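Asker: Okay, so the sequence shown: first residue is 1 according to full-length UniProt numbering, each after it adds one.
Glycine included, C-beta positions come from ideal geometry on N, C-alpha and C.
Since this is a predicted model, take the numbers as computed values, not measurements.
Please read through the structure below; I'll follow up with questions.
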Amino acid sequence: MDFDHFKQLLDHQRKANPIWFELPSDSLASEAAIIEFEKAMALRLPGQYRHFLKTYGGGYFALGIVYSLDQASDFNLGRNNSVGSSHLLFSDNGCGDFYGFGIENGQCLEQVLFFDHGLEQWQQTRYPGLFSFLADTALAN
1 MDFDHFKQLL DHQRKANPIW FELPSDSLAS EAAIIEFEKA MALRLPGQYR HFLKTYGGGY
61 FALGIVYSLD QASDFNLGRN NSVGSSHLLF SDNGCGDFYG FGIENGQCLE QVLFFDHGLE
121 QWQQTRYPGL FSFLADTALA N
């Protein structure tokens, strides 16, 4: 799903379900803050995630949450990840499971993965990127 299609869906859901958007979002990330985070973590974020952080910030997002670069947030990306990991966590389901991106050669891949805490393993999902993941999990009921 490209950004324009995602934005269309988001705009529709904001009008149809305004209550979904009443919780406060985290602050938007600047390009400088993203670059600083990437240097500190020795990785490069996926393109869709970078775009999301700059446009929407993160935190509470409709029916889901997305980790952000907002230092004051409970959903801070840096506090939920560690340097040298093979995956970058960007969301959770509130039940102990996580969503993340695999990391290869310092580049986070676009494909969304699911960490099942009961099985203690990563699994593939049907989401090729963040926008399709959010369309299905945060913008649908």
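#1: Quick check on S132: does DSSP put it in helix, strand or coil?
#2: By a C-beta neighbour count over all protein chains shown, 10 Å radius and 16 as the cutoff for buried, is D11 buried or exposed?
#3: With distance defined between alpha-carbon atoms, name the residue in I103, G96, G102, Q107 nearest to L119.
#4: Is the beta carbon of M41 closer than 9 Å to that of G64?
#5: Under the assumption that P24 contacts G59 (Cβ atoms under 8 Å), give the Cβ distance between them as a whole number of angstroms.
#6: Identify the residues that DSSP records as bridge partners of E104: which are they?
#7: Would DSSP call A49 helix, strand or coil?
#8: Whose C-beta lies closer than 7 Å to the C-beta of W20 among residues of the same chain, with five residues either side of it excluded?
#9: What are the boundary residues of the beta strand (DSSP E) that Q13 is part of?
#10: Across which residues does DSSP place I65 in a beta bridge pair?
Answerer: Reading it off the structure:
#1: helix
#2: exposed
#3: G96
#4: no
#5: 7 Å
#6: Q107
#7: It should be pointed out that residue 49 corresponds to Tyr in this sequence rather than to Ala. The answer is helix: DSSP assigns Y49 an H, G or I state.
#8: Q13, A62, L63
#9: Per DSSP, Q13 belongs to no beta strand (DSSP E); it is in the alpha helix (DSSP H), 3 to 16.
#10: Y60
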